[in-house]
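There are 2 protein chains.
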Amino acid sequence: MTKYLIVGGVAGGATTAARLRRIDESAEIIMFERGEYISYANCGLPYYVGGIIAEREKLILQTPGSFKARLNVEVRVKNEVIGIDTKNKSIEVKDLINNTSYTETYDKLIVSPGAEPIKPPIPGIKDEAIFTVRNVRDTDKIKSFYDEKKPKKAVVVGAGFIGLEMAENLHHMGMMVTIVEMADQVMTPLDYEMAAEVHMHLKTKNVEFYLNDGVSEFNRQGDKLNIHLQSGRKIDADMVILSIGVRPETRLVKEAGIDLAPNGGIKVNEYLQTSNEHVYALGDAMAFPHPITGKYTNAYLAGPANKQARMLADNLVNGHTKKYKGSIATAIAKVFDITVASTGLAEKVLKKEGIKYISNITHGASNAGYYPGAMPTTIKIMFDPETGKLFGGQIIGYVGVDKRIDMIATVLKNKGSIYDLQEIEHAYAPPFSSAKDPVNQAGFTAGNIIDGLVNIIHWDKLHQMDASDNFILDVRTPDEFELGKIEGAVNIEVDKIRERLDEIPKDKKIIIYCGVGLRGYFAARILMQRRYNDVVNLSGGYKTYEHATC
Amino acid sequence: MTKYLIVGGVAGGATTAARLRRIDESAEIIMFERGEYISYANCGLPYYVGGIIAEREKLILQTPGSFKARLNVEVRVKNEVIGIDTKNKSIEVKDLINNTSYTETYDKLIVSPGAEPIKPPIPGIKDEAIFTVRNVRDTDKIKSFYDEKKPKKAVVVGAGFIGLEMAENLHHMGMMVTIVEMADQVMTPLDYEMAAEVHMHLKTKNVEFYLNDGVSEFNRQGDKLNIHLQSGRKIDADMVILSIGVRPETRLVKEAGIDLAPNGGIKVNEYLQTSNEHVYALGDAMAFPHPITGKYTNAYLAGPANKQARMLADNLVNGHTKKYKGSIATAIAKVFDITVASTGLAEKVLKKEGIKYISNITHGASNAGYYPGAMPTTIKIMFDPETGKLFGGQIIGYVGVDKRIDMIATVLKNKGSIYDLQEIEHAYAPPFSSAKDPVNQAGFTAGNIIDGLVNIIHWDKLHQMDASDNFILDVRTPDEFELGKIEGAVNIEVDKIRERLDEIPKDKKIIIYCGVGLRGYFAARILMQRRYNDVVNLSGGYKTYEHATC
Ligand SMILES: Cc1cc2nc3c(=O)[nH]c(=O)nc-3n(C[C@H](O)[C@H](O)[C@H](O)COP(=O)(O)OP(=O)(O)OC[C@H]3O[C@@H](n4cnc5c(N)ncnc54)[C@H](O)[C@@H]3O)c2cc1C
Ligand SMILES: Cc1cc2nc3c(=O)[nH]c(=O)nc-3n(C[C@H](O)[C@H](O)[C@H](O)COP(=O)(O)OP(=O)(O)OC[C@H]3O[C@@H](n4cnc5c(N)ncnc54)[C@H](O)[C@@H]3O)c2cc1C
Ligand SMILES: CC(C)(COP(=O)(O)OP(=O)(O)OC[C@H]1O[C@@H](n2cnc3c(N)ncnc32)[C@H](O)[C@@H]1OP(=O)(O)O)[C@@H](O)C(=O)NCCC(=O)NCCS
Ligand SMILES: CC(C)(COP(=O)(O)OP(=O)(O)OC[C@H]1O[C@@H](n2cnc3c(N)ncnc32)[C@H](O)[C@@H]1OP(=O)(O)O)[C@@H](O)C(=O)NCCC(=O)NCCS
Chain G
1 MTKYLIVGGV AGGATTAARL RRIDESAEII MFERGEYISY ANCGLPYYVG
51 GIIAEREKLI LQTPGSFKAR LNVEVRVKNE VIGIDTKNKS IEVKDLINNT
101 SYTETYDKLI VSPGAEPIKP PIPGIKDEAI FTVRNVRDTD KIKSFYDEKK
151 PKKAVVVGAG FIGLEMAENL HHMGMMVTIV EMADQVMTPL DYEMAAEVHM
201 HLKTKNVEFY LNDGVSEFNR QGDKLNIHLQ SGRKIDADMV ILSIGVRPET
251 RLVKEAGIDL APNGGIKVNE YLQTSNEHVY ALGDAMAFPH PITGKYTNAY
301 LAGPANKQAR MLADNLVNGH TKKYKGSIAT AIAKVFDITV ASTGLAEKVL
351 KKEGIKYISN ITHGASNAGY YPGAMPTTIK IMFDPETGKL FGGQIIGYVG
401 VDKRIDMIAT VLKNKGSIYD LQEIEHAYAP PFSSAKDPVN QAGFTAGNII
451 DGLVNIIHWD KLHQMDASDN FILDVRTPDE FELGKIEGAV NIEVDKIRER
501 LDEIPKDKKI IIYCGVGLRG YFAARILMQR RYNDVVNLSG GYKTYEHATC
Chain Z
1001 MTKYLIVGGV AGGATTAARL RRIDESAEII MFERGEYISY ANCGLPYYVG
1051 GIIAEREKLI LQTPGSFKAR LNVEVRVKNE VIGIDTKNKS IEVKDLINNT
1101 SYTETYDKLI VSPGAEPIKP PIPGIKDEAI FTVRNVRDTD KIKSFYDEKK
1151 PKKAVVVGAG FIGLEMAENL HHMGMMVTIV EMADQVMTPL DYEMAAEVHM
1201 HLKTKNVEFY LNDGVSEFNR QGDKLNIHLQ SGRKIDADMV ILSIGVRPET
1251 RLVKEAGIDL APNGGIKVNE YLQTSNEHVY ALGDAMAFPH PITGKYTNAY
1301 LAGPANKQAR MLADNLVNGH TKKYKGSIAT AIAKVFDITV ASTGLAEKVL
1351 KKEGIKYISN ITHGASNAGY YPGAMPTTIK IMFDPETGKL FGGQIIGYVG
1401 VDKRIDMIAT VLKNKGSIYD LQEIEHAYAP PFSSAKDPVN QAGFTAGNII
1451 DGLVNIIHWD KLHQMDASDN FILDVRTPDE FELGKIEGAV NIEVDKIRER
1501 LDEIPKDKKI IIYCGVGLRG YFAARILMQR RYNDVVNLSG GYKTYEHATC
């Protein structure tokens, strides 16, 4: 009979315990959780704050009682593990109810302590109107503050996925919301020009945001909290949500002499085993080589934590048979009416890592244009310039973003390429897609670039360029051209190109653009086959250019 | 300069023409279409009839004029190709406007003539109130009949995807709709117990249907059409939609001495080349070995036609470089409030083909249960009993069916297995999925079956069995048990099993079931590890059993 101790009773911990029991009915399994609850839906917390999830009970999927009844797992809540003695294979536990300590021995120790919100030592940060969102207790605090103080104005510091979910939910509660973010964009997993679409959407919702700015001080002034930004700007708020990121909970293992990875997470091998053979780690706190960069990375996501847990339980019971392959970090968030998703690596990361890549943006629609409800969908993919191997994908849209990022993630996870995207046989009927899904189209367009059928230029390069050296050719209709154009562009619509070739110089670089890239590609094909040697098409067309430069 | 002639101007034909032009600006391309329109949205036709697509223009994506302007392709509508002279590499064309004939020579001939609705020689079938739905003209006829005669009662003969789409649209127009279907179920790509969920849904919509029945005669009686069924039943209708299937349009190539495949489609090799090296075929009319069975099959789907077209154009211009791999026939339909989808092979086909497989059904939810809008989702997958290689998938639900069938199709297309389903790193936030997506869960459950962690039994086997030989164990709560149970079952809820083991006999086969299969699996694990040697869990639980047997 093997004795398993598990530190942390939520995504990684509880799921490991459950699978352990299912495959080993006779094992002794004890799960330690320092908080009051186990198995709660962290991911639902912002929606519970906002009232979208109305019942608090719904957040708590299992209790110590139900865990005992169904899985015969002993759960000790309000018990914090405060030390690991790897030599004697025991842990020290602090019983937070009785304020006593005790030790417990293990055969195998599983550590899934998660990550804690970062709270930098900014003056005033301990103010009672400043909140973080990690667990049920945090949301209880926010909700009772709300009920008591009826805050009208909230500031969200940090505009990652959780920050934006909180912004939406506070807005939903009727608050005026301001976002403060250090980077030049919200949602750092996205690249800038994709985030620009989110910026536009936030504006339509009257959410104020300050980019390239951070908090230097919180200053209480009576009922109000005065927030000083590094730029010198000052803003007022009734409450603040701090969501500037998380830090893996590694103190426990570090003090036990277990190795951390260079990035600060708990280093494990492909069996999720730490540097101590009897101690395993998973979830947010664990670092594993990224499938593309090979660098140790943490995945702060529930899906990977849950899947790691199942694999780990199998390896614990059956021996090391299943290898973990690392996470591609597929993530998604609803941000008001739009959905934002990403998988794999962003362009900026590829650049930083010195990995050769091509990136491309296509705009499509969520279903056939002739059927009601077709909504714009922007897809960016990154891939190997030679093999087409997929490195990453980002999607923004209104409907079906989840499905399309899942298609891309499925290919990426399988180390597939843009050619696999081309061949996906998706389900097509008018309410759901087009005969060629936007993901297929992203694959086709990428293939054309690799094959040299078209060369592309990106909005930022074009924006920085001296236009006068080139011939900028707008192939949209005169009406579209009238409504807004790139400085210096000449308008010849795509359908007239063959007749008006003499207006297009052969001795200049021809930079073509249209609305989204499609007609520009058609025009590029005509010119490239008529001895224009230096022709490029603007990736994502005027739409991306306009979003990114406005 | 190569001269391409293309027969058929819609999905396969028009797309081939478009890609041909993009990669070969100098080619001569002439496209022949016997109808009035090219590039129309066949798939939108039912919705145009129903008024969901309000504007007729929307159905027609390109015109001969726009094709000429943008792609410099010559389009000859109302020109029917009536003969192929492979020796002289020419075709004979009938100009349907002037009623004249002419020949045209080709370097390469591309044939994408599609498939025509089957109209069996049933007495009365030529009645003016009987319609098929293939092209814009057909829908024009239906719409003007509707405007003139204001039909109140419609009969749809044949309940495939198009039949059900038509049923929904006629219902939407206010008609009372009756479906007549020869098989014992609607939607033949599905297996029976999955179709049973569609049957239930149709009932809630007051759509009448007669299964296991066919039409023996149409009999006009004044304003009414009297429909005699083979069972002897007679039903009245104001109009009839005939949607009992399609037949590939092969007359043209057959008469030219080009080989057909055993199934009757136009036989091609992996470059979509027919038995004549200068003639290529694609789309509905073309037959290609199925990726799993290896048998020649037609794919009557727009996605494959469009993708074949692009590949074919590339091979025509660049030589035979891209190989077609066959279609896994992913299909989807909205049927009133539910969505029904399938990919790969159904269980019944695997059975017929003598391919060893396991099938399993799981019921999940479209998103996290604690977030509003989680809707039931039923997934059935078929896989290799040893390797777990995926053979097919079927899904029924309300939301996200399209995304989940696409996940399965992406893996299946890539010849992946249920282990790939387990590892999909899907996008998870509460509005979109759960930390383990239902598709992951389908993979986990399948893995458990292969690994022998659980044995399953199917509803039909249990239904036919003599219950008294076995111990049928219902592990739901007493309340659930009260509301409906399987004859002869004993109720011990899962959480009490460990305490009540002595009530469960060791010398009988134990057949466990719960609501959907999850608690049954947990119970099975407990018993199997406590020396119960013959334990099976009901796949899909009581839910599938009830649907399939009611
Ligand atoms: C507000 C919010 C929204 C999120 N939304 C999403 C989303 O939409 N999608 C997504 O994929 N992910 C989301 N996440 C992330 C996801 O919740 C985590 O990735 C996942 O829960 C990590 O699992 P874990 O087991 O590593 O840590 P956790 O689930 O955080 O569990 C760790 C537990 O360990 C306990 N613990 C720590 N140290 C000790 C100790 N020494 N002794 C005893 N107990 C200890 C902690 O109290 C905690 O309860 C969200 C997270 C938050 C906070
Ligand atoms: C009502 C309906 C709904 C559908 N819904 C869906 C759906 O939701 N999803 C899906 O994937 N598929 C759907 N389909 C199927 C899809 O439309 C076809 O698979 C696809 O159009 C096949 O392309 P094709 O080029 O082979 O044939 P088609 O698109 O049918 O084109 C063939 C054309 O060739 C012409 N032609 C034939 N013979 C000659 C000749 N001798 N000379 C000149 N012209 C000729 C015909 O007039 C026809 O216009 C639907 C089909 C219909 C009819
Ligand atoms: C609640 C919790 C303990 C459940 O863990 P779990 O039992 O492993 O997970 P599930 O309830 O999803 O059940 C999965 C099991 O049921 C099986 N299963 C699922 N659907 C099934 C069906 N229809 N029929 C048969 N078996 C089924 C799966 O195969 C799996 O079993 P396995 O791992 O032995 O193969 C754990 O997920 C948890 O604590 N979650 C909350 C914390 C969290 O994840 N937070 C972050 C997200 S908000
Ligand atoms: C209308 C029709 C002629 C269009 O054919 P098409 O031009 O090949 O197809 P699309 O309009 O989807 O354009 C696809 C091309 O644009 C490119 N593209 C798509 N989005 C792009 C973007 N945002 N930027 C750059 N290029 C883009 C693709 O790469 C592809 O080009 P390629 O094949 O040379 O690689 C053809 O699809 C048709 O007749 N359809 C109606 C019939 C039909 O399909 N019926 C059944 C379904 S209802």
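Same order as they appear, the protein sequences are chains G and Z.
Per this note's numbering: the first sequence ends with 550, consecutive numbering throughout.
Per this note's numbering: the second sequence ends with 1550, consecutive numbering throughout.
All residues carry an ideal CB built from backbone N, CA and C; glycine is no exception.
Given the structure is predicted, the values throughout are model-derived calculations rather than measurements.
Self-check item: Member of Val81/G, Ile52/G, Arg56/G whose CA lies at the smallest distance from the CA of tyrosine 40/G
Solution: It is Arg56/G.
Self-check item: C-alpha gap between glycine 264/G and leucine 412/G, whole angstroms
Solution: Glycine 264/G and leucine 412/G have their C-alpha atoms roughly 26 Å apart.
Quiz item: Since histidine 320/G meets chain Z, which of its residues come closer than 9 Å, beta carbon to beta carbon?
Solution: The premise fails here: histidine 320/G is roughly 16 Å from chain Z at the closest Cβ pair, so nothing lies under 9 Å.
Quiz item: DSSP state of phenylalanine 1288/Z, grouped into three classes?
Solution: The DSSP-derived three-state label of phenylalanine 1288/Z is strand.
Quiz item: glutamine 1273/Z bridges to which residues according to DSSP?
Solution: Glutamine 1273/Z is bridged by DSSP to Tyr1280/Z.
Self-check item: Cβ pair tyrosine 370/G, leucine 1059/Z closer than 8 Å
Solution: A contact, by the Cβ cut-off of 8 Å.
Quiz item: According to a CB-to-CB cut-off of less than 8 Å, which residues of the segment 312-337 of chain G neighbour chain Z?
Solution: So the close ones are Lys325, Ser327, Ile328, Ala329, Thr330, Ala331, Ile332, Ala333, Lys334.
Self-check item: Residue from Gly1013/Z, Val1073/Z, Leu1045/Z, Thr1204/Z with nearest C-alpha to glutamate 1028/Z
Solution: Out of Gly1013/Z, Val1073/Z, Leu1045/Z, Thr1204/Z, Val1073/Z has the C-alpha closest to the C-alpha of glutamate 1028/Z.
Self-check item: Supposed contact pair valine 1177/Z and alanine 1167/Z - C-beta distance, whole angstroms, cut 8 Å
Solution: The pair is a contact, with the Cβ atoms about 5 Å apart (cut-off 8 Å).
Practice problem: Quick one: using the 10 Å Cβ neighbour count with 16 as the cut-off for buried, is arginine 19/G buried or exposed? | Solution: Burial call: buried.
Quiz item: What is the DSSP secondary structure of alanine 1333/Z, reduced to helix, strand or coil?
Solution: Strand.
Quiz item: Cβ of leucine 1242/Z within 8 Å of Cβ of valine 1180/Z?
Solution: Not in contact: leucine 1242/Z and valine 1180/Z (Cβ atoms no closer than 8 Å).
Quiz prompt | Alpha-carbon to alpha-carbon, glycine 294/G and asparagine 318/G | solution = Near 27 Å, if we compare the C-alpha coordinates of glycine 294/G and asparagine 318/G.
Quiz item: For glycine 452/G, is the classification buried or exposed, using 16 other Cβ atoms within 10 angstroms of its Cβ as the cut-off for buried?
Solution: Label assigned to glycine 452/G: exposed.
Quiz item: Buried or exposed: leucine 1483/Z, going by 16 or more other Cβ atoms within 10 Å of its Cβ?
Solution: Its Cβ having fewer than 16 others within 10 Å, leucine 1483/Z is exposed.
Quiz prompt | Secondary structure of proline 117/G, DSSP reduced to three states | solution = Looking at proline 117/G - three-state DSSP - the assignment turns out to be strand.
Quiz prompt | Residues of its chain near glycine 1083/Z, where Cβ-Cβ distance is below 8 Å and the 5 sequence neighbours each way are ignored | solution = If we look at glycine 1083/Z and ignore the five residues flanking it on each side, its Cβ neighbours are Ile1091, Glu1092, Leu1252, Glu1255, Ala1256.
Exercise. Measure the Cβ-Cβ separation of valine 49/G and asparagine 135/G and say whether it is below 8 Å.
Key: With a cutoff of 8 Å on beta-carbon distance, valine 49/G and asparagine 135/G are scored as not near each other.
Quiz item: So is alanine 1365/Z in contact with chain G if we call contact Cβ pairs under 8 Å?
Solution: At a cut-off of 8 Å between beta-carbon atoms, alanine 1365/Z makes no contact with chain G.
Quiz prompt | Classification of glutamate 128/G by the beta-carbon crowding that lies within 10 angstroms, buried from 16 upward | solution = Exposed is the call here.
Practice problem: Give me the Cβ distance between glutamate 270/G and lysine 307/G, rounded to the nearest whole Å; I'm assuming they're in contact under 8 Å. | Solution: Incorrect: roughly 14 Å between the Cβ atoms, too far for contact.
Quiz item: Of the residues Asp474/G, Asp420/G, Lys496/G, Leu164/G, which one's Cα is nearest the Cα of isoleucine 486/G?
Solution: Per the C-alpha coordinates, the member of Asp474/G, Asp420/G, Lys496/G, Leu164/G positioned closest to isoleucine 486/G is Asp474/G.
Exercise. May I have the straight-line CA-CA distance separating glycine 124/G from glutamate 217/G, to the nearest angstrom?
Key: If I take the Cα positions, the gap works out to 6 Å.
Exercise. Just grab the DSSP bridge partners of alanine 1302/Z for me.
Key: Beta-bridge pairing by DSSP links alanine 1302/Z to no other residue.
Practice problem: Figure out for me which residue from Lys1436/Z, Asn1367/Z, Asn1042/Z, Tyr1047/Z has the closest Cα to the Cα of glycine 1009/Z. | Solution: Of the candidates Lys1436/Z, Asn1367/Z, Asn1042/Z, Tyr1047/Z, the one whose C-alpha sits nearest the C-alpha of glycine 1009/Z is Asn1042/Z.
Quiz prompt | Between the CA atoms of threonine 477/G and threonine 1387/Z - distance to the nearest angstrom | solution = Distance between the alpha carbons of threonine 1387/Z and threonine 477/G is about 55 Å.
Exercise. Could you tell me whether any Cβ in chain G is nearer than 8 Å to the Cβ of cysteine 1550/Z?
Key: With 8 Å as the cut-off, cysteine 1550/Z does not count as an interface residue toward chain G.
Quiz item: Which chain G residues are close to threonine 1410/Z, counting only those with a beta carbon under 7 Å from its beta carbon?
Solution: The answer, in chain order, is Met407, Thr410, Val411, Ile424.
Quiz item: Going along the chain, which residues of the segment 504-533 of chain G sit with their C-beta nearer than 9 Å to a C-beta in chain Z?
Solution: Listed by position, the residues of the segment 504-533 of chain G near chain Z (Cβ gap below 9 Å) are Arg519, Tyr521, Phe522, Arg525, Ile526, Met528, Gln529, Arg530.
Quiz item: Going by beta carbon distance, what residues of the same chain come within less than 6 Å of serine 1327/Z, once the five residues before and after it are set aside?
Solution: Apart from sequence neighbours up to five positions away, the residues of its chain that approach serine 1327/Z with a beta-carbon distance below 6 Å are Ala1299, Pro1304, ordered along the chain.
Practice problem: Could you name the residues of the same chain whose beta carbon sits closer than 8 Å to that of phenylalanine 1471/Z, not counting the 5 residues immediately before and after it, in chain order? | Solution: Result list for phenylalanine 1471/Z: Val1490, Ile1504, Pro1505, Lys1508, Lys1509, Ile1510, Ile1511, in chain order.
Quiz item: Given that a residue counts as buried once 16 or more other Cβ atoms are within 10 Å of its Cβ, and exposed if not, what is serine 101/G?
Solution: It is exposed - the Cβ of serine 101/G has fewer than 16 other Cβ atoms within 10 Å.
Exercise. Could you tell me the boundaries of the beta strand (DSSP E) in which isoleucine 1472/Z lies?
Key: Looking at the DSSP string, the run of the beta strand (DSSP E) that includes isoleucine 1472/Z is 1470-1474.
Self-check item: Expected contact under 8 Å - CB spacing of serine 366/G and valine 399/G to nearest Å
Solution: Cβ atoms of serine 366/G and valine 399/G come within 8 Å of each other, at about 4 Å.
Quiz item: Which residues mark the beginning and the end of the beta strand (DSSP E) in which arginine 247/G is found?
Solution: That run of the beta strand (DSSP E) goes 246-248.
Practice problem: Taking 8 Å as the cut-off, decide whether the C-beta atoms of methionine 1031/Z and alanine 1054/Z are in contact. | Solution: No, these two residues do not count as a Cβ contact at 8 Å.
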